[in-house]
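First comes the structure, then the notes that go with it.
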């Protein structure tokens, strides 16, 4: 049986009025219904498919897909990964590498959206923080965050992503400090769980970004 149909059948049985109104029956287990199963049954794309389609549009070299089209796709992608499960699916869907590659795009708006999406995915999400670190994302974000030729809005999104990536996750914080030292910054080791210390570091980067050219 199709997994989506099986899910729908279980949901309908568990929440049927007959079961609920039978005094001798066990209380119904209202597990809710999986919208992705319904989408599958009705022929609509799942969130995973939408994430893949969005990234395909963002990376496309088709001249008929404009920069505005790619930014719309990126906005849709960001909204999808606000969902924790979708953010965690970046790894099994093999979307981390293409997302991080966008931080090196020649288009500033693409770099900005990529940093924004990274920040959304890793915020309060240790699994994604681990993947970002493992995929070499911290150095890429530092390049954008402190790039003297980078616009203020782009740099601010990269700082936001670094803040989300490093708070309460020491390995990423250590990597950030190391990368900043390589850039000539005088930064001491910071406890990722010390929010005051994190605020000082991130606040300094944010102030630099705000003073950058628009």
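Numbering (the numbering used here), first residue to last: 5 to 218.
Yeah, the Cβ is synthetic: ideal placement off N, Cα and C, and Gly gets one too.
These numbers come from a predicted model, not from an experiment.
inquiry  = Classify residue 129: buried if its beta carbon has 16 or more other beta carbons within 10 angstroms, exposed otherwise.
reply    = Looking up residue 129 in the chain shown gives position 125. Burial call: buried.
ask   = Is residue 164 near residue 196, with beta carbons less than 8 Å apart?
value = Within the chain shown, numbered from 1, the residue matching residue 164 stands at position 160. Within the chain shown, numbered from 1, the residue matching residue 196 stands at position 192. Annotated as distal: residue 164 and residue 196, with beta-carbon spacing of 8 Å or more.
query = Can you name, in chain order, every residue of its own chain whose Cβ lies under 8 Å from the Cβ of residue 85, other than the five neighbours on each side?
reply = Taking the first residue of the chain shown as 1, we reach residue 85 at position 81. Residues 55, 91, 94, 121, 124 and 125 of the same chain have their beta carbon placed closer than 8 Å to that of residue 85, with the five preceding and five following residues left out of the count.
key: For residue 141, the three-state DSSP class (helix, strand or coil)   = For the purposes of this step, residue 141 is identified with residue 137 of the chain shown, where counting begins at 1. If DSSP states are grouped into helix, strand and coil, residue 141 belongs with the helices.
message = With the cut-off set at 8 Å, would you say residue 148 and residue 183 are in Cβ contact?
response = Counting from 1 along the chain shown, the entry for residue 148 is found at position 144. Counting from 1 along the chain shown, the entry for residue 183 is found at position 179. The answer is no: Cβ separation not under 8 Å.
key: residue 207 burial status per 10 Å Cβ neighbour count (16 or more: buried)   = Counting from 1 along the chain shown, the entry for residue 207 is found at position 203. Looking at its Cβ environment, which holds fewer than 16 other Cβ atoms inside 10 Å, residue 207 is exposed.
task = Pick helix, strand or coil for residue 114, following the three-state DSSP scheme.
result = Counting from one through the chain shown, the residue named residue 114 turns up at place 110. In the structure shown, residue 114 sits in a helix (DSSP, three-state: H, G or I).
query = So residue 142 packs on residue 119, CB below 8 Å; how close in whole Å?
reply = Within the chain shown, numbered from 1, the residue matching residue 142 stands at position 138. Within the chain shown, numbered from 1, the residue matching residue 119 stands at position 115. That pair is no contact at about 12 Å.
ask   = So what's residue 49 in DSSP terms, helix, strand or just coil?
value = Locating residue 49 in the chain shown gives position 45, where the first residue counts as 1. Here residue 49 sits in coil by DSSP.
query = To the nearest whole angstrom, what separates the beta carbons of residue 144 and residue 103, a pair I think is in contact under 8 Å?
reply = Within the chain shown, residue 144 is the residue found at index 140, counting from 1. Within the chain shown, residue 103 is the residue found at index 99, counting from 1. Wrong, their Cβ atoms sit about 10 Å apart, outside the cutoff.
ask   = Around the Cβ of residue 71, are there at least 16 other Cβ atoms within 10 angstroms (buried) or fewer (exposed)?
value = As a position in the chain shown, residue 71 is number 67, starting the count at 1. With a threshold of 16 other beta carbon atoms within 10 Å, residue 71 falls short and is exposed.
inquiry  = Going by DSSP in three states, residue 187 sits in which element: helix, strand or coil?
reply    = Position 183 of the chain shown, counted from the first residue, corresponds to residue 187. DSSP places residue 187 in coil when its eight states are reduced to three.
Extent of the continuous alpha helix (DSSP H) run through residue 207 = Counted from its first residue, the chain shown places residue 207 at position 203. It spans 199-214 - the alpha helix (DSSP H) in which residue 207 sits, taken as one unbroken run.
Beta-carbon proximity of residue 185 to residue 193, cut-off 8 Å = Numbered from its first residue, the chain shown carries residue 185 at position 181. Numbered from its first residue, the chain shown carries residue 193 at position 189. No. Outside cutoff.
ask   = Which same chain residues, not among the five before or five after residue 132, have their C-beta less than 6 Å away from its C-beta?
value = Walking along the chain shown from the start, residue 132 turns up at place 128. Take residue 132, set aside five residues on each side of it, and the residues of its chain with a beta-carbon closer than 6 Å to its own are 91, 125 and 126, in chain order.
task = Would you mind reading off the limits of the alpha helix (DSSP H) that contains residue 161?
result = Along the chain shown, one-based indexing puts residue 161 at 157. Start and end: 156-170.
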